[in-house]
Structure formats: structure tokens, C-alpha cells
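J.: The numbering used here puts the first residue of the sequence shown at 370, with every later residue one more than the last.
Glycine included, every Cβ here is placed at the ideal spot set by N, Cα and C.
Starting off with a structure, shown below.
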Amino acid sequence: MEIKVFSGKLDTQKVDVLFIPVFLEDKRLSEEAKKLDEKLEGAISKLKKEQKFKGKLGKTLIVPTLDKIKSKFIILIGAGSKKKADLDIFRRIAATAVKTAKSINANKILFDIKGLDIKEKEEDIAQSVVEGVILGSYTFDKYKSKKDNFKIKTLNIRTSRKSKNNAEKSVEVGRILAESQNFTRELVNTPPNVINPEKLAEIALDLGKEYGFEVKIYDEEECEKMGMGAYLAVAKGSANPPRF
Numbered sequence: 370m371e372i373k374v375f376s377g378k379l380d381t382q383k384v385d386v387l388f389i390p391v392f393l394e395d396k397r398l399s400e401e402a403k404k405l406d407e408k409l410e411g412a413i414s415k416l417k418k419e420q421k422f423k424g425k426l427g428k429t430l431i432v433p434t435l436d437k438i439k440s441k442f443i444i445l446i447g448a449g450s451k452k453k454a455d456l457d458i459f460r461r462i463a464a465t466a467v468k469t470a471k472s473i474n475a476n477k478i479l480f481d482i483k484g485l486d487i488k489e490k491e492e493d494i495a496q497s498v499v500e501g502v503i504l505g506s507y508t509f510d511k512y513k514s515k516k517d518n519f520k521i522k523t524l525n526i527r528t529s530r531k532s533k534n535n536a537e538k539s540v541e542v543g544r545i546l547a548e549s550q551n552f553t554r555e556l557v558n559t560p561p562n563v564i565n566p567e568k569l570a571e572i573a574l575d576l577g578k579e580y581g582f583e584v585k586i587y588d589e590e591e592c593e594k595m596g597m598g599a600y601l602a603v604a605k606g607s608a609n610p611p612r613f
């Protein structure tokens, strides 16, 4: 996935979907959303009123742009109350954004977090959005005949100019954390007859070589010397030798 932080205009971004968070306290469209609404001849405000979209957490409002701006769709995504808007909320709505994008086969998305007027810093929100998108994109279909081939290819995040540099660093941290979690999920979801203790030890050693950290693997004999009786007792129930 290509991740980019920018601070430019929204209507010139060539993406499939432009996500705009909306809070329960937002009785009117934001200034940026108003500009987009004008270009769409009032389509956003009209649909918002017709569908009674209030900004409830996780709810979405899909607005086709009909080629009036570069983005194919604008999607308002409910972020709930500003008072409760923490970083976990943004992970959750970013994961919701992935599901919504998948429903309309949109793999190039933009998340606007500029000027949200909440307690969290923009760079921290940017990191949470990246984490939510990557974690929300995870599927385990290794053993399925029909694969889920949908992937988010591009994630653009708009911040203010003053937050852009810090946000660029934060999104990289978010990417590493989320990809590491997905790697762990893959290990956990794989059957134990495929990833047995010896295979898991092999994976750990390979990671150590790739990323330059030291790995120490203990076999049965070494575990016994260290008095790991309870661990070895459990391991005796398996045909595979233990590794720690």
C-alpha cells in the first residue's frame, strides 16, 4: 500500500473515495465540505438531509460525484461525539472506511483529518488511520479456493501544513505496527500442524537475519537444564519437539 501525507486541496485529488469524518456536534458541513458541496451542486447537503445523516459512529453516507471533481465518491463517515473522539475511534472508522471502499470496489482512498477541532494531535490521528486501514484490510484466506483479491492500493491523508512533517513520521510508525500485528495474526490463524514449534523457530531466525536482531532458540535439552518442567510437560503431549 502506498501511503502519502499532503496538505493541499481536496477537489484536485484523483482518488476513488474521499472520506470526511463528521461528528454528532457538526450541525453544518465543514468549510471544506461546503466547497465540495458547491461543486456537486448541493448533492452532499441534499443527501445528508434526505438520509438524516447525523454523524453517528460508524455510519456512512455515500455521495457519487458524477465526475464533477477528481474523486469518484465523497463519503461522510460518522465519528460519533467529539468528547469521545480518541485515537481508537479513528482506528475503528478507518477500518469501517475499508469495508465501505470494498463495497464499491474503490482501492484508492483519501482520509481528511485537517482541522477536526478535537483534543488529539493530527499526527497521532494520521497514525491511527493508517493502523485502522491496514488492520481492517486483513483477511485470512490462505486455504480458501476463492481468494479475496480486494486491496487498498493508495491511502492519502490530508493534514494541516504545520502537522505534515510529523504526520509523515507517524504514519510510518503506524504502518510498521499494523503490519507487524497482521503478521502475528497470520501466524496465529495458520494451523499448528503447519506452523509447529520448529517452523516457528525457523521463522524467528529468518526475521532476525532480515532485520538484524539476535534470536536465541532453546531446544528440549536446554529447556530441561533451565528447569522448565511445566513447559516440557505440556510439550510431551505433541509429536513435535518443543522450541522456546
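Reducing DSSP to helix, strand and coil, say where P566 ends up.
T.: Counting from one through the sequence shown, the residue named residue 566 turns up at place 197. Helix at P566.
J.: Rounded to whole angstroms, what's the CA-CA distance from A547 to L504? Just pull it up for me.
T.: Taking the first residue of the sequence shown as 1, we reach residue 547 at position 178. Taking the first residue of the sequence shown as 1, we reach residue 504 at position 135. Taking the straight line from one Cα to the other gives about 6 Å.
J.: Tell me the start and end of each unbroken alpha helix (DSSP H) in the region 404-475 that is at least 4 residues and wholly inside, in chain order.
T.: Whole alpha helix (DSSP H) segments, 4+ residues: 412-419 and 456-472.
J.: I need the DSSP call for K538, collapsed to helix, strand or coil.
T.: Start at 1 with the first residue of the sequence shown, and residue 538 comes out as number 169. Looking at K538 - three-state DSSP - the assignment turns out to be helix.
J.: What's the C-alpha gap between E571 and E583?
T.: Counting from 1 along the sequence shown, the entry for residue 571 is found at position 202. Counting from 1 along the sequence shown, the entry for residue 583 is found at position 214. Spanning the two alpha carbons is a distance of roughly 13 Å.
J.: For D510, I'd like the list of residues in its chain whose CB is within less than 6 Å of its CB, leaving aside the five on either flank, ordered along the chain.
T.: Numbered from its first residue, the sequence shown carries residue 510 at position 141. Cβ neighbours of D510 within its own chain (closer than 6 Å, five residues either side excluded): K516 and D517.
J.: Indicate whether V502 and K441 have their beta-carbon atoms separated by less than 8 Å.
T.: Position 133 of the sequence shown, counting from 1, holds the residue named residue 502. Position 72 of the sequence shown, counting from 1, holds the residue named residue 441. Contact check for V502 against K441 fails: the beta carbons are separated by 8 Å or more.
J.: Does DSSP put R530 in a helix, in a strand, or in coil?
T.: Within the sequence shown, numbered from 1, the residue matching residue 530 stands at position 161. If DSSP states are grouped into helix, strand and coil, R530 belongs with the helices.
J.: Taking N562 as the reference, which of P610, K578, T528 and Y507 has the closest Cα?
T.: Mapped onto the sequence shown, residue 562 falls at position 193. For the residues P610, K578, T528 and Y507, the minimum Cα distance to N562 belongs to P610.
J.: Between which two residues does the alpha helix (DSSP H) holding I503 run?
T.: Position 134 of the sequence shown, counting from 1, holds the residue named residue 503. Unbroken alpha helix (DSSP H) run through I503: E491 to G505.
J.: Are the CB atoms of I482 and T528 within a distance shorter than 8 Å?
T.: As a working mapping, residue 528 is identified with position 159 in the sequence shown. As a working mapping, residue 482 is identified with position 113 in the sequence shown. In this structure, I482 lies closer than 8 Å to T528 by Cβ.
J.: Taking K477 as part of the alpha helix (DSSP H), name the residues at either end of that continuous run.
T.: Looking up residue 477 in the sequence shown gives position 108. First-last for K477: K477 to D481, but that is the beta strand (DSSP E), not the alpha helix (DSSP H).
J.: Examine the Cβ distances between the region 373-380 and the region 451-460 and report whether three or more of them are shorter than 8 Å.
T.: no
J.: Candidates I438, F552 and E590: which alpha carbon is nearest S507's?
T.: Numbered from 1 along the sequence shown, position 138 holds the residue referred to as residue 507. Just to set this straight, residue 507 is Tyr in the shown sequence, not Ser. Nearest option by C-alpha distance: F552.
J.: When DSSP labels each residue in this structure, what does V584 get in the three-state scheme?
T.: Taking the first residue of the sequence shown as 1, we reach residue 584 at position 215. Here DSSP, grouped into helix, strand and coil, assigns V584 to coil.
J.: How about L339 and V499: do their beta carbons lie closer than 8 Å?
T.: The chain is shown from 370 up to 613; residue 339 falls before or after that span and cannot be answered.
J.: Output the distance between the C-alpha atoms of E590 and S497, rounded to the nearest integer angstrom.
T.: Numbered from 1 along the sequence shown, position 221 holds the residue referred to as residue 590. Numbered from 1 along the sequence shown, position 128 holds the residue referred to as residue 497. About 44 Å.
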